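See below:
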């Protein structure tokens, strides 16, 4: 038996963050304790390390003993490793035999090259490993990344951890008993919990290493994840605005016209997105634009930048024969055996890939990257019927490990993001990296990566599940996640036929939206509005999809319900931009969480802990409406009550953000929720930085003369107001202005602390205090020194 005891956790340990303790455990099959993997920060040192050596068992399997983890000496363990077993296996790769025979297959997920005469070759040895943990009967288990099924508590279930369209695995799970387990493994895995035992099956490792994080609260567990795998880089300020996309804009002129229409209608927008097929026909994945449709990229980006709009452009890791990029990679020997996908694990290949991005695109003014299809293989993305979870896993496992080392099969997207990040920073040190990517893994947050949930379908059920999946991603330590507002696939059979040109056949299993007519269906318009209301309170707000256009004016005109609601929520995003940007600073500086399940703040409140359709974003309680009220598919009228059930956690008081009505915590009631309103509440004691001046340009540096705050009385509170240039990495060198605002409720006093950082701070401050009895306003001049503002 190996016993791991933390006698000092409850009292706090000197030099550790929030009384946190992190223990590294290495189970080794051969007596060798290897260095941590690449997802682990090189400078990170655990508080304690334990090595457990396996001994020979039956049938060639090797097995370690038992490990117990306790918070205080004499207490029962919070976690027990029952065993870790190893079974030898070979590592193989596919290599081309003779002259390559290449076939190109057209799929919904893009063109794919297949080499028909590639053969399997052994390249090394490793082990399959199986870790077994015992846990408490009533614990809730969170994390594991983002998947498809909307599982809020990973008890009595199985989850396959592999990269796929609509699945982004994370090798970490958290318990509300106050611990987390972070697996230092880059291979495919299967998680299973039955009868109070968690089994982790690892496909290919040299050792089974993991970190046990113990903290006083659940947010401390997430801070532990970031300590181990890296801080989340801040995005450029414009990335916290509204991003407009569709599948797809087809020309430079169309992008310019879209930007002009936003400006004409005075609707804020901070980024337009050019989706795939910007290259010449027959040159799939080439990072050169089709000059007949995009004759002058620099002129396009200059025009957008003048309007305060950035340009994001889709790039893929695969490039087919016929394009210059494929030829260049082929000559350098940096393509996999399919002769299409580049080897992102090779540092020289990453440098070459960046040069291909930089030559025309980055030098032409592209601001951000949409790194699509970074799994980089999706072999189950076909067929009319969705296969079983186990079959999908086995099909994907076979394809992923055909080309990549099985020990690294889950981290292609990390190395791809690292290549974009590291090389862009070398080329342009003062331009922050923004990389929207469909796959990722722990440590992606270091590289300016924003993960999105893949090509989801427009149904109310998918919408409900997406809320849970986003919260699981946040619980996994990833702060930047979003999804296609309104879903990618809107229709099904008829929409697929229109898109593909097919005259017969059945739509693929994933193309299963409920709304064949898109924006001409009021049922879809209602779903889209609800999705956008939710998207307003995500780390990144982005509309995208196929089958139907997504710009606000596609849903009506001024005076129409859907149009007006969409525009109002986009404007709300910009009104709250100073607050959202300050949250982003805390995410970087303090390893904080902006988006989180209620259990993170209200673990002792059983009703809050069980709630799946509300969540916290900063100090906001967000209550999306996840069912139709007025219309179903095909413009079918509905007669339903225009409200939704809301629970207000009992440890705090709350204000209805729209009406400013004060409500006691612990209430459960039907909140008014007509289509134009999503129930939204702000916690008593909250301090918000807001912009009532109508600023919509987040692209260019802004130095506002006034900082405007809203304070919600009823409890003490604090918040750090933050501003910087909006781009570059000066914030990592202290080139920012951060002012701690603290509300003393009993004294009726707001204290602004001394300014931190070297960036100019606003000189004029306007503070509005909201109480249960009304509001009052104070204006002060601020000189960077601590001052007190009294509301008595």
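Numbering (this note's numbering), first residue to last: 9 to 800. All C-beta atoms in this analysis are idealised placements derived from N, C-alpha and C, irrespective of residue type, glycine included. Keep in mind that this is a model prediction, so the values were computed, not measured.
Going by DSSP, name the residue or residues bridged to residue i.
i           : result
residue 652 : 679
residue 35  : 60, 216
residue 795 : 760
residue 664 : 689
residue 29  : 222
residue 465 : 497
residue 379 : 323, 445
residue 596 : In DSSP, residue 596 forms no bridge with anything.
residue 729 : 747
residue 175 : 172
residue 695 : 719
residue 772 : 714, 789
residue 207 : 140, 200
Can you tell me whether DSSP reads residue i as helix, strand or coil?
i           : result
residue 471 : helix
residue 740 : helix
residue 5   : Examination of residue 5 is not possible in this model, given that the chain is present from 9 through 800 alone.
residue 304 : coil
residue 19  : Only weak support exists for where residue 19 lies, its pLDDT of 28 falling under 50; the value from the coordinates is given anyway. Reduced to three states, the DSSP call for residue 19 is coil.
residue 460 : strand
residue 278 : coil
residue 428 : helix
residue 481 : helix
residue 10  : Note that residue 10 scores a pLDDT of 36, beneath 50, so its modelled location is shaky and nothing firm can be said.
residue 3   : There is simply no residue 3 to check, as the chain begins at 9 and stops at 800 in what is shown.
residue 24  : Legend: pLDDT at residue 24 = 48, less than 50; position of this residue unreliable, no value from coordinates given.
residue 782 : strand
residue 96  : strand
residue 498 : coil
residue 188 : strand
residue 169 : strand
residue 572 : helix
residue 156 : coil
residue 623 : strand
residue 89  : strand
residue 286 : coil
residue 646 : coil
residue 713 : coil
residue 582 : helix
residue 198 : strand
residue 409 : helix
residue 588 : helix
residue 104 : strand
residue 7   : The chain is shown from 9 up to 800; residue 7 falls before or after that span and cannot be answered.
Can you tell me the Cβ-Cβ gap for residue i and residue j, rounded? I've got them flagged as a contact below 8 Å.
i           : j           : result
residue 803 : residue 236 : Because the chain spans 9 through 800 in this model, residue 803 falls outside it and cannot be assessed.
residue 734 : residue 692 : About 31 Å; that fails the 8 Å criterion.
residue 373 : residue 706 : With a Cβ gap of about 17 Å, residue 373 and residue 706 do not count as contacting.
residue 301 : residue 259 : 4 Å
residue 217 : residue 498 : Contact doesn't hold; Cβ gap of about 44 Å is too wide.
residue 143 : residue 87  : 7 Å
In chain order, each beta strand (DSSP E) run of at least 3 residues that lies wholly inside the stretch 215-275 = 216-222, 250-252
Are at least three pairs of beta-carbons, each pair with one atom in the stretch 464-471 and one in the stretch 630-643, less than 8 Å apart?
-> yes
Taking only runs that begin and end inside the stretch 291-346, name each unbroken alpha helix (DSSP H) of 4 or more residues, in chain order.
-> 305-314, 332-340
contact_flag[the stretch 482-494, the stretch 225-241] where n(CB pairs < 8 Å) is 3 or more | At 8 Å Cβ cutoff, the stretches touch.
Pair every Cβ in the stretch 553-569 with every Cβ in the stretch 484-503, then say whether three or more of these pairs are closer than 8 Å.
-> Yes, the stretch 553-569 touches the stretch 484-503.
Which runs of the alpha helix (DSSP H) spanning at least 4 residues fall entirely within the stretch 490-546, listed in chain order?
-> 501-508, 530-543
At least three beta-carbon pairs within less than 8 Å, the stretch 503-515 to the stretch 542-551 = no
For the 8 Å Cβ check, are there 3 or more pairs between the stretch 586-598 and the stretch 287-295?
-> They do not touch, by the three-pair rule.
Counting pairs of beta carbons, one from the stretch 30-45 and one from the stretch 184-204, are three or more of them closer than 8 Å?
-> The count of Cβ pairs closer than 8 Å, one atom from the stretch 30-45 and one from the stretch 184-204, reaches three, so the stretches are in contact.
Validate contact between the stretch 667-685 and the stretch 695-715 using beta carbons, cut 8 Å, 3 pairs = no
Between the stretch 788-800 and the stretch 761-776, are three or more C-beta pairs nearer than 8 Å?
-> Cβ pair count under 8 Å is three or more, so yes.
Touching by the beta-carbon criterion (3+ pairs, under 8 Å), the stretch 134-141 and the stretch 160-178 = no
At a cut of 8 Å, does the stretch 772-780 reach the stretch 715-729 through at least three beta carbon pairs?
-> Touching, yes, given that three or more Cβ pairs across the two stretches are closer than 8 Å.
Mind the definition here: the stretch 453-461 touches the stretch 429-444 only if three or more C-beta pairs lie below 8 Å; say whether that holds.
-> yes
State whether the stretch 434-447 contacts the stretch 366-386, with contact taken as three or more CB pairs (one from each stretch) at a distance under 8 Å.
-> The stretch 434-447 makes contact with the stretch 366-386; the number of CB pairs closer than 8 Å reaches 3 or more.
Decide if the stretch 87-96 is in contact with the stretch 335-347; the criterion is three or more beta carbon pairs, one per stretch, under 8 Å apart.
-> no
Given 8 Å, three or more beta-carbon pairs between the stretch 343-363 and the stretch 412-423 = yes
Flag this pair as touching only if the stretch 598-613 and the stretch 303-323 have three or more C-beta atom pairs under 8 Å; answer yes or no.
-> By the criterion of at least three beta-carbon pairs nearer than 8 Å, the stretch 598-613 is not in contact with the stretch 303-323.
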